[in-house]
Structures are given as C-alpha cells and as structure tokens.
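A short worksheet on the structure shown next.
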Amino acid sequence: MSQSAQAVAGHYKKRALGDAILAALKAAGKDIERLTPDDLAPVDEFHSGGRNATVRLAQLAGITGSERVLDVGCGIGGPSRYLASTFGCRVTGLDLTQEFVALAGMLAQRTRLADKVTYRQGNALAMPFADASFDLVWSQNAAMNIADRDRLYGEMRRVLAPAGRLAFQDVAAGPGGDPHYPTPWANDKGISFLATPQSTRAALERIGFRVLAWHDSTQEALEQQLARAKALEGGSLPPLGLHILIGEAYPAVTKNMLRNLQEQRIRLLNAVLERV
Ligand SMILES: C[S@@+](CC[C@H](N)C(=O)[O-])C[C@H]1O[C@@H](n2cnc3c(N)ncnc32)[C@H](O)[C@@H]1O
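Remember, my numbering sits 529 above the position in the sequence shown when you count from 1.
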C-alpha cells in the first residue's frame, strides 16, 4: 500500500470497532443474532445525511434491482446492504481499510445478506476488477480522501459496462476557504482533497461521463448537522451512532462540520452520470 493510502486507512481504522458496534446494538435493545439493515442504519451509513441520503441517491440513480453494483469506498457497508435488501441487486464493496472490509463481511452475515453482498480490500485508484464488470458504480463520501480524481474517475469508467451509470455523493470545496479540521474524513489537510463542484464536473466529463442529474444538497446537510450539534449539546447521544466510528474526536468533528457548512467551506453534491 502506498504511504498516502496507509495514512487514509490509518485514519479510519479503530480498535475493536466490531465489538463496540455489537455492544451498542445490544444496549439499543437489538437482537445481535438477527439484525436487519434498518437496525444498523444509525451506525453503518458513514456519510452526510445517513440512510436518507442513501435512499435519495438510489432514487436519483433509478435502481431497478438487476444491476451489478460496485460501491467504491464502501466503509462498513451500510449502503451496500440497503441496496441489496431493498432492490435485490448484487453489490460488491471495495474499501482501502481492511478493518472496515472485515466488519462489513461480519455485518452481512448477521443480516443474512452474505449471498448478495461481498467486500474486497483495495484501492479505488487501481481496482481489482475486470473492465466493464459492473452496471452501476456507487460511491458516497469517499473521493474527499483521493487526490488523483482523473485516475479515480478513469477507474470508475473502466469497470463500468457501456452505458453503465455512476451515482455518487461527495463533499466538495466551497468558496469559504479551507475546512476546519478534524472532519469525519481527515484530522488535518494531509489526507483531505476536496474539489469544487465545477472542477468535479469538468473532470468527469473529460474522462467520459455524461451528467444525468446534478444536485447540490448542502441545505439538507446543514439541517442534519444542526440536529446533530443540538443532540451533542443536550448530551443526548443515542447508544448507536456515528460517534462509534469517529471516536473521541466526535464532538470536535460535529462542531466543525456545522461551521464548515455554515461558512460555505464545504458543499454536498449528489450526481448521477452515464458512461459515454
Ligand atoms: C467516510 S467513509 C464512507 C464509507 C461509506 N461510503 C459510507 O457512506 O458508509 C470513506 C471511506 O472511503 C474509503 N476510502 C478512502 N480512500 C479510498 C481509496 N483510495 N480506495 C478505496 N477506499 C477508500 C475509506 O477507507 C472509508 O471507508
């Protein structure tokens, strides 16, 4: 693994994350031998907007269920299990962080979805998949850690079948200046590579995609972040939530994300494109 890939995986890796999640599920009154994707949603949808954002992107992408889906930067796999259980499609998740890949597999077993979802460790910049092997490439809040966007989008295009689609959500750079750190994706600017919506779109079109839908969902992200900051202030964190994935930086991350959105340092993008 390259040095920068190691730094990204090191940022996300947390000690005994699986045990912490299972303990929190128990504390939330869930039967950990019979879990559903809905039980896990508060902790396994690691992106702005949580499950609601996944539902919205799936609608935007017009998923029918027959697609072979690749989730790039799949994390611990919440979106992939939602897509597989809701639409019946087969989903492969790819992630740099080995601990996340192992945990995603364990949660697929416990939700009885292991026949529909599989997870691989690997780098989105050199994907371990043959050309044209997927109908839909899906990615939520992963490109912020990736500097070489041309190569990322080139790889996404390479693994897509002709007329395949790319559906993504990403944090983009806003006009307000550099983000305040720590954020969920980086403790400092060393592994943070935000691109503006304009340069993101230009790169995708240059690489060989046609835009089908392009939405700025910053306002929804701001509303959700306000609710998270309020819950934190009130000291009312539920047993199950993203604080388990983010760890002790959670209070600072929550406050910074609110400031970053309010000060227009970041924007949230949702888009669907077709391979041309
Ligand atoms: C904020 S998490 C989002 C996880 C997941 N997409 C979700 O929404 O729940 C970002 C993920 O991107 C992964 N990632 C970052 N850079 C990557 C790369 N070059 N190749 C593969 N995965 C990467 C990280 O390991 C991490 O799991």
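Just so you know, even glycine gets a beta-carbon here, dropped at the ideal spot from N, CA and C. All values reported here derive from a predicted model rather than from experimental measurement.
The criterion of a C-beta distance shorter than 8 Å is not satisfied by proline 691 and alanine 659. With a threshold of 7 Å, the Cβ atom of aspartate 624 counts as near ligand 1, since some heavy atom of the ligand is closer than that. Taking all protein chains shown into account, valine 740 has fewer than 16 neighbouring C-beta atoms within 10 Å of its C-beta and is therefore exposed. Considered as a whole, the region 548-628 harbours 597-601 and 619-624 as its complete beta strand (DSSP E) runs of no fewer than 3 residues, in chain order.
Taking one beta carbon from each stretch, the region 668-677 and the region 691-709 have 3 or more pairs nearer than 8 Å; the two touch. Between the region 786-802 and the region 734-750 there are three or more inter-stretch CB-CB distances shorter than 8 Å, so the stretches are counted as touching.
Linking arginine 686 to valine 601 through their CA atoms gives a straight-line distance of about 12 Å. Separation of isoleucine 773 and leucine 569 (C-alpha to C-alpha, rounded to the nearest whole angstrom) is 12 Å. DSSP places histidine 709 outside any alpha helix (DSSP H), giving it a letter other than H or E. In the DSSP annotation of this structure, glycine 776 is not part of any alpha helix (DSSP H), being labelled neither H nor E.
Beta-bridge pairing by DSSP links alanine 696 to Trp667 and Val801.
Asparagine 785 counts as buried, since no fewer than 16 other beta carbons sit within 10 angstroms of its beta carbon. Under the DSSP assignment, alanine 750 falls in the alpha helix (DSSP H) whose first and last residues are 747-762.
It is roughly 15 Å from the alpha-carbon of glycine 622 to the alpha-carbon of glutamate 684.
Beta-bridge partners assigned by DSSP to valine 646: Val620.
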